[in-house]
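Residue numbers (this note's numbering): 144 to 361.
We put the beta carbon where it would ideally sit given N, CA and C, even for glycine.
All values derive from a computational prediction rather than experimental measurement.
Working notes, beginning with the structure itself.
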């Protein structure tokens, strides 16, 4: 059962990385969690995936500093997950980098497709229930330390990442890049689509993990 859960999580992780690449290729602003790594990749000679790994490691370090003794050894699983996610992003960027974006409607369509893919990835990671990406895990750590609501904290985190990326973009490359209307759309739409998928694909979850699904029903 555990091996199946990790397999589902890895599939979700790969789909999420493909989604980040698709959203980024649309050139209407990337997702909030990827905004800072994307801006840094424009300013320095490292890839989006490499900066995603570095940024994830920073978030893990912040979790250690906040949680102290409450940071459990299994939370270190975020490190290999972050490395895999970063390399998945660079790989999938190769897949989509040559796709033409001739018009704004095409970009919007690509953006929405990326949001749908990201929702699928998030959904699969959620039903696998074995680990969290550092962004979500950092938000969870903040809620544990400061006793805040997870949903509200996640919104504040996304807004903070977006604003920081915007400032870095203006300072480092003198133009606003990576933060546009697509960033707002991704922040709002992905969670909503993931909730719809959770309802539509409940039979899939029951088929993959029947015992866990039965426990939730009871």
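Own chain residues within Cβ distance below 6 Å of residue i, not counting five before or after
i	result
residue 151	267, 271
residue 235	160, 161, 164
residue 296	282, 285, 286
Cα-Cα separation, residue i to residue j
i	j	result
residue 253	residue 247	10 Å
residue 304	residue 320	14 Å
residue 187	residue 198	14 Å
residue 240	residue 212	43 Å
residue 335	residue 244	26 Å
residue 181	residue 194	8 Å
residue 205	residue 286	13 Å
residue 316	residue 183	9 Å
residue 350	residue 311	45 Å
residue 300	residue 177	12 Å
residue 219	residue 269	18 Å
residue 222	residue 208	16 Å
residue 293	residue 233	30 Å
residue 146	residue 313	45 Å
residue 216	residue 210	12 Å
residue 231	residue 196	11 Å
residue 168	residue 278	22 Å
residue 214	residue 155	25 Å
residue 348	residue 337	13 Å
residue 179	residue 242	23 Å
Beta-carbon proximity list for residue i, same chain, < 7 Å, skipping 5 on both sides
i	result
residue 340	262, 263, 266
residue 273	148, 149, 152
residue 260	158, 161, 162, 165
residue 291	285
residue 170	244, 250
residue 172	321, 322, 323, 324, 325, 326
Alpha helix (DSSP H) segment containing residue i, residue limits
i	result
residue 168	145-168
residue 250	247-271
residue 297	293-316
residue 324	324-343
residue 279	277-289
residue 189	Run containing residue 189: none; DSSP gives neither H nor E here.
residue 225	221-239
Close Cβ partners of residue i (< 8 Å) along its chain, the five nearest in sequence each way excluded
i	result
residue 344	266
residue 255	328, 332
8 Å contact criterion, which residue i and residue j should meet: CB distance rounded
i	j	result
residue 174	residue 326	7 Å
residue 318	residue 308	The Cβ separation is near 13 Å, so there is no contact.
residue 289	residue 202	Actually they are not in contact, since the Cβ atoms of residue 289 and residue 202 sit about 16 Å apart, beyond 8 Å.
residue 362	residue 257	Examination of residue 362 is not possible in this model, given that the chain is present from 144 through 361 alone.
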